[in-house]
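Per our numbering, residue 21 is the first one in the sequence shown, and the count goes up by one each step.
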Amino acid sequence: MEIIRSSRRSVAIQVRPDGSLVVRAPYALPETEIRAAVERHRGWIERTRRHLALQQTAPTLTQQELRQLIAQAKAALPPLVSGWAGRLGVRCTAIGVRSPRTRWGSCSSRGSLSFNCLLMLCPPEVLEYVVVHELCHRKHMDHSPAFWAEVERALPQYRAQRDWLKQHGPAILRRLPEKSGG
Ligand SMILES: [Zn+2]
21 MEIIRSSRRS VAIQVRPDGS LVVRAPYALP ETEIRAAVER HRGWIERTRR HLALQQTAPT
81 LTQQELRQLI AQAKAALPPL VSGWAGRLGV RCTAIGVRSP RTRWGSCSSR GSLSFNCLLM
141 LCPPEVLEYV VVHELCHRKH MDHSPAFWAE VERALPQYRA QRDWLKQHGP AILRRLPEKS
201 GG
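Printed below as a string of structure tokens:
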């Protein structure tokens, strides 16, 4: 554990990518109190370490694995999309499956939806959230409060899914091979 002292007023703990700790602390704070602060955050530190380890060990997908994920997504999405389109009262004109590096789904103004095949590596409720999210863009082509209200009506727990994607999504997107058609 490296301790960096400065004129700051509070203790800040950081986990480096290699799992080691950096603790920033005020000049006058005794080391016993710094160690006590680290102990209080032990749970968070261990979770962060596990998360970092997972990110680093998830291997790049092979082209064959990528093709399998696309095939899985092409089978899984149509029934899910048509079910939710019916419940939401919107129409979807086409469903595409791709492997873009930066997004999980998109919706064109003509009602053509596109999904990232890496959703197959996410929990099913996350896949469902992305489907509902894109279908709600058939009503609101923006991320306005009215849009989010629509999502919440359909999936009252959607924030947990959105947070999951924010937290774990980047590591999953990093598994895409260099040459994958967007
Ligand atoms: Zn959106």
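Every residue gets a Cβ at the ideal spot worked out from N, C-alpha and C, and that includes glycine. Please read all numbers here as calculations on a predicted model, not as lab measurements.
Distances from the CA of C127 to each of Y47, A166 and L155 were compared; the closest alpha carbon is that of L155. Taking 8 Å as the cut-off, the beta carbon of V31 is found closer than this to the beta carbon of R44. Taking each of R62, E148, C112 and L81 in turn and checking the Cα distance to E198, the smallest one comes out for L81. The beta strand (DSSP E) runs of length 3 or more contained entirely in the stretch 122–161 are, from start to end of the chain, 125–127 and 132–136.
Inclusion of A174 and V152 in the CB contact set at 8 Å is warranted, their separation being smaller than that value.
Around the CB of M140, 16 or more other CB atoms lie within 10 Å, so the residue is classed as buried. Judged by DSSP secondary structure, P165 falls within the alpha helix (DSSP H) whose first and last residues are P165 to A174.
With the rule of 3 Cβ pairs closer than 8 Å, the stretch 129–138 counts as touching the stretch 177–197.
Between L97 and V117, the CB-CB gap stays under 8 Å. Of the candidates L147, Q84 and V35, the residue whose Cα lies closest to the Cα of R67 is V35. Selection L133, M21, G109 and Q181 evaluated against E51 yields M21 as nearest (Cα-Cα). L72 and A78 have their C-alpha atoms spaced approximately 10 Å apart.
Taken in chain order, the complete alpha helix (DSSP H) segments of 4 residues or longer contained in the stretch 71–118 are 83–108. Between ligand 1 and the CB of H160, the shortest heavy atom gap is not smaller than 7 Å. CA-to-CA, the gap between L133 and V101 works out to about 9 Å.
Residue state for Q181 is assigned as helix, using DSSP reduced to three classes.
Exclusion of the five residues before and after R29 leaves P46 as the residues of its chain whose Cβ lies within less than 8 Å of its Cβ. DSSP, read as helix, strand or coil, puts R25 in strand.
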